[in-house]
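Below: one structure, written as structure tokens.
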Amino acid sequence: MKTQSAINTYVKEIGGWAASQLEACTRCGLCADACHFYQATGNPEYTPVWKTEPLRRAYEQRFTIAGRLKLAVGLDKPVTDEDLKHWSTIVYEACTLCNKCAMVCPMGIQLGPLIHDVRSGMAAAGVVPGDLVAATMKQKDVGSPLGVTDKTWAERMEWIGDEWEVKIPMDVQSADTLVVFTSIELMKFPDNIAAIAKIMDKAGEKWTTSSKGREVVNFGYFEADEELTKLFLSRVFDAAKELGVKRIMISECGHAYDAFRWTAANIMDMPKNVAITHIAQVMHDFWKAGRIRLKKGAYDDGTVTFHDSCKIQRRGGIIKEPREILKWLAPSSFKEMTPNKEQALCCGGGGGVISIQEADPLRFAVFGMKVDQMKEIGAKSVCMVCSNCRLQFTEGVAHFGSDVKVRGLSEMVSQALE
Amino acid sequence: MDWTEILQFFRGSFFKISLLVFVGGMTYRLVRILLLGWPRDRVKSRGSKATGVVKTYLKGLLVLPFIPWVKRTFNKNALTYIAGGLFHLSLVLVIFFATPHMLVWKSLLGFGWPTLSFPVSDWLAAIGIIALIVLLINRLTHPVLKLLTRSPLWLNWTLVFLPFVTGYAMTHHMLFRYEVLFGLHMITVDVLLIWIPLGRISHFLFYFFSRTIHGAQAGKRAVTP
Chain A
1 MKTQSAINTY
11 VKEIGGWAAS
21 QLEACTRCGL
31 CADACHFYQA
41 TGNPEYTPVW
51 KTEPLRRAYE
61 QRFTIAGRLK
71 LAVGLDKPVT
81 DEDLKHWSTI
91 VYEACTLCNK
101 CAMVCPMGIQ
111 LGPLIHDVRS
121 GMAAAGVVPG
131 DLVAATMKQK
141 DVGSPLGVTD
151 KTWAERMEWI
161 GDEWEVKIPM
171 DVQSADTLVV
181 FTSIELMKFP
191 DNIAAIAKIM
201 DKAGEKWTTS
211 SKGREVVNFG
221 YFEADEELTK
231 LFLSRVFDAA
241 KELGVKRIMI
251 SECGHAYDAF
261 RWTAANIMDM
271 PKNVAITHIA
281 QVMHDFWKAG
291 RIRLKKGAYD
301 DGTVTFHDSC
311 KIQRRGGIIK
321 EPREILKWLA
331 PSSFKEMTPN
341 KEQALCCGGG
351 GGVISIQEAD
361 PLRFAVFGMK
371 VDQMKEIGAK
381 SVCMVCSNCR
391 LQFTEGVAHF
401 GSDVKVRGLS
411 EMVSQALE
Chain B
1 MDWTEILQFF
11 RGSFFKISLL
21 VFVGGMTYRL
31 VRILLLGWPR
41 DRVKSRGSKA
51 TGVVKTYLKG
61 LLVLPFIPWV
71 KRTFNKNALT
81 YIAGGLFHLS
91 LVLVIFFATP
101 HMLVWKSLLG
111 FGWPTLSFPV
121 SDWLAAIGII
131 ALIVLLINRL
141 THPVLKLLTR
151 SPLWLNWTLV
161 FLPFVTGYAM
171 THHMLFRYEV
181 LFGLHMITVD
191 VLLIWIPLGR
201 ISHFLFYFFS
211 RTIHGAQAGK
221 RAVTP
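This is the structure in structure tokens:
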């Protein structure tokens, strides 16, 4: 029965877009070595295209003559309940949807989005790792995957305001920019919230937070449950409409940026004339427009490197902006890891993986490669624009006993303000 | 029926039938995909989709085949890149630029073009055959490829390999009489043509879909594809 709901979802999802790409695969296996999970473990089941196997079977067996023939004569297998369970651990625990595989595929197949489609069948069938479901339910019921209630949120924001001596406006009508933070920042990296507040203030931006649209993370999107994805997006969109803002600024969060910027318009109605932007872009714009001034060379005391977050850089395009800022802040000590930019190696914490305890050994194994990359260039500190990556880095660096300092770009910028 | 008659049949009427099956089958595959529905992308672009598409084709056709290491996964799969690349190079050049093949195209299209000298196309064919064997061994031994390979793929390999070896043997008068080898070459070519629309060899058509999608996805985000 489970399988049927998964297959129904796949059938619904398969249009020319997915089908033509599934048809293009020649099973060359080159995507395996693009995948950090395969590289770290050597498990062939982590080959990206193998992760799309349930979708391929559903497609071929339902839509193609050859597929139906193969099924009839026993050359192909139908998708079973056991298969779903098996692939559920593969697509949720050993994939961050980072889409590096698409950059390596000779055919250019968008494996990340296709694996997201595979996940949506799992979500429909209810075969999602327990930890992920628990967090999603918390977000649905309480409003935050970490279980932050309205009261805690307001108290915590007030505390951050007091502690760092910054103004954090709340529910300001007709502000220009609605800034939405993540629970990770709220609970684990409050310095980032303070930093962003300081930058917005310094730039003279009319901005606000919203008590209704207070969570930018979207666990429905991690699960690939479209209804929940829309529900969590709509909370922020409704807040934006109510407050009459001109734009929504996503704080340091990658998956959220992907959901708001690149997915929302295709799955739901978005508020009209409300732009979506990301803090990395906004900081750069402020700086270029002269609205904030940064101390040149403020961080020139030891090699600084930048970690490309898959959803903000490779899948978001904000590649040159943070680099320009860093080259200003650390002109002689900024160094790139290899590979970088759109070819960068994912940290292993994205796509919801970090919230699944069972996947801890995997994500640390993957992070080992990141540690090596940083060692190669002798990095003293690493900076990024995604709190999910930052959490993975903070835990990963501790796990490997590395002394690299992990920072958010906003936090660095705020301390270099002149 | 002797081999001369067999040859006449498989290079004559049956070749035409195979061609029709090939063209008809591929047209069916194309139309089927086009009719599956293509929802409009309502997301506002950051860059240009068209630029992304142009870049990805230039990169895919001019850069990667010659300097594959820009992908940075080259050293881990050098065999697949080199053998795969050489096989495709050999295939395209031999099919279109070996003199006897060009003459077949000329008879079908009504016009011809300059061709490669015999030693060049001969070496290319030999490279293609060696590449195919290397790729087969790789597929039989690499854990990822063993997992990914399903039975029709072995048939794909066999059906591509046979026209190559029969063609090569024929031009070198190896093993059998010329008519026999030519007959076998035409039989295997005909079977291959009929098989292509049924299997994954049809990827040459879908390559244009996936590459275009890739370029558009990168372009709209202003990322280098």
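Which chain is which? The protein sequence lines are A and B, in order.
Per this note's numbering, the first sequence starts with residue 1, numbered consecutively.
Per this note's numbering, the second sequence starts with residue 1, numbered consecutively.
Idealized CB from N, CA, C, for every residue including glycine.
Note that the structure is a prediction, hence the values are computed from the model and not measured.
Would you decide whether A/Ser-467 is buried or exposed? Buried here means 16 or more other CB atoms lie within 10 Å of its CB.
Nothing about residue 467 of chain A can be reported from this structure: the residues present for chain A run from 1 to 418 only.
Going straight from the alpha carbon of B/Thr-149 to that of B/Arg-139, what length do you get?
8 Å
Let me check understanding here. Comparing Cα to Cα, which of B/Leu-108, B/Ser-151, B/Ile-130 lies closest to B/Ile-82?
B/Ile-130
DSSP on A/Gly-161, reduced to helix/strand/coil?
helix
Where does A/Thr-208 fall in DSSP's three states?
strand
In the DSSP assignment, find the unbroken beta strand (DSSP E) run with A/Leu-345 in it and report its ends.
A/Leu-345 -> no beta strand (DSSP E), and no H or E assigned at all.
For A/Arg-407, which residues does DSSP report across the bridge?
A/Cys-383
If contact means a Cβ-Cβ distance below 7 Å, which residues of the region 1–24 of chain B contact chain A?
So the list is empty, because no residue satisfies the distance condition.
Any Cβ of chain A within less than 9 Å of the Cβ of B/Gly-199?
yes
Could you check which residue in A/Ser-174, A/Cys-31, A/Asp-150, A/Thr-229 has the C-alpha nearest to that of B/Lys-76?
A/Cys-31
Cβ of A/Asp-117 less than 9 Å from any chain B Cβ?
no
Using a Cβ-Cβ cut-off of 9 Å, state whether B/Lys-286 counts as contacting chain A.
It is not possible to answer for residue 286 of chain B, since the shown part of chain B is limited to 1 through 225.
To which residues of the same chain is A/Met-412 closer than 7 Å at the C-beta, ignoring the five residues directly before and after it?
Tyr-299, Leu-329, Cys-383
Taking any Cβ of chain A, which residues in the region 98–125 of chain B have a Cβ under 9 Å from it, in chain order?
none
When the Cα atoms are used, what is the spatial distance from A/Ile-115 to A/Leu-97?
7 Å
Quick one: list the residues of chain B neighbouring A/Ser-20, beta-carbon separation under 7 Å, in chain order.
Ile-33, Phe-206, Phe-209, Ser-210
Mapping the DSSP letters down to three states, classify A/Val-217 as helix, strand or coil.
coil
State the start and end residues of the unbroken beta strand (DSSP E) segment that holds A/Ile-279.
Taken as a continuous stretch (DSSP letters only), A/Ile-279 belongs to no beta strand (DSSP E), being part of the alpha helix (DSSP H) at 279–288.
Using a Cβ-Cβ distance under 9 Å, would B/Gly-167 count as near chain A?
no
Which stretch, first to last residue, makes up the beta strand (DSSP E) that contains B/Thr-188?
Where B/Thr-188 is concerned, there is no enclosing beta strand (DSSP E), although the alpha helix (DSSP H) it sits in stretches over 178–195.
Name the two residues that bound the continuous alpha helix (DSSP H) containing B/Thr-141.
118–141
Taking only beta carbons into account, state which residues of the region 39–54 of chain B come closer than 9 Å to chain A, listed in chain order.
The region 39–54 of chain B vs chain A, Cβ under 9 Å: Pro-39, Arg-40, Asp-41, Arg-42, Val-43, Lys-44, Arg-46, Gly-47.
Could you work out which residues of chain A lie near B/Gly-149, taking near to mean beta carbons separated by less than 8 Å?
Contrary to the premise, residue 149 of chain B reads as Thr rather than Gly in this sequence. Near B/Thr-149 (Cβ distances below 8 Å), the residues of chain A are Arg-27.
In chain B, which residues lie less than 8 Å from A/Ala-24 when you measure between Cβ atoms?
His-203, Phe-206, Tyr-207, Phe-209, Ser-210
Skipping 5 residues on each side, what residues in its chain have a beta carbon closer than 8 Å to that of A/Cys-28?
The residues Pro-106, in chain order, have a CB closer than 8 Å to that of A/Cys-28 in the same chain once the five nearest residues on each side in sequence are set aside.
With the cut-off set at 9 Å, would you say A/Ala-359 and A/Ala-94 are in Cβ contact?
yes
Under a three-way DSSP split, which group does B/Met-1 fall into?
Residue state, collapsed to three classes: coil.
Would you mind reading off the limits of the alpha helix (DSSP H) that contains A/Ile-184?
183–187
Give me the chain B residues within the contact set of A/Asn-273, using Cβ-Cβ distance strictly less than 7 Å, ordered along the chain.
Those do not exist, as A/Asn-273 stays about 12 Å from chain B at its closest Cβ, beyond 7 Å.
What separation, rounded to the nearest whole angstrom, lies between the Cα atoms of B/Phe-9 and B/Leu-193?
Here the alpha carbon of B/Phe-9 sits roughly 16 Å from the alpha carbon of B/Leu-193.
In this structure, how does DSSP classify A/Ile-430 when only helix, strand and coil are distinguished?
The question about residue 430 of chain A has no answer, for chain A in this structure spans 1 to 418.
Using the beta-carbon of each residue, which ones in chain B are nearer than 7 Å to A/Arg-56?
Ordered by position in chain B, no residue passes the 7 Å Cβ test against A/Arg-56, which lies about 10 Å from the chain.
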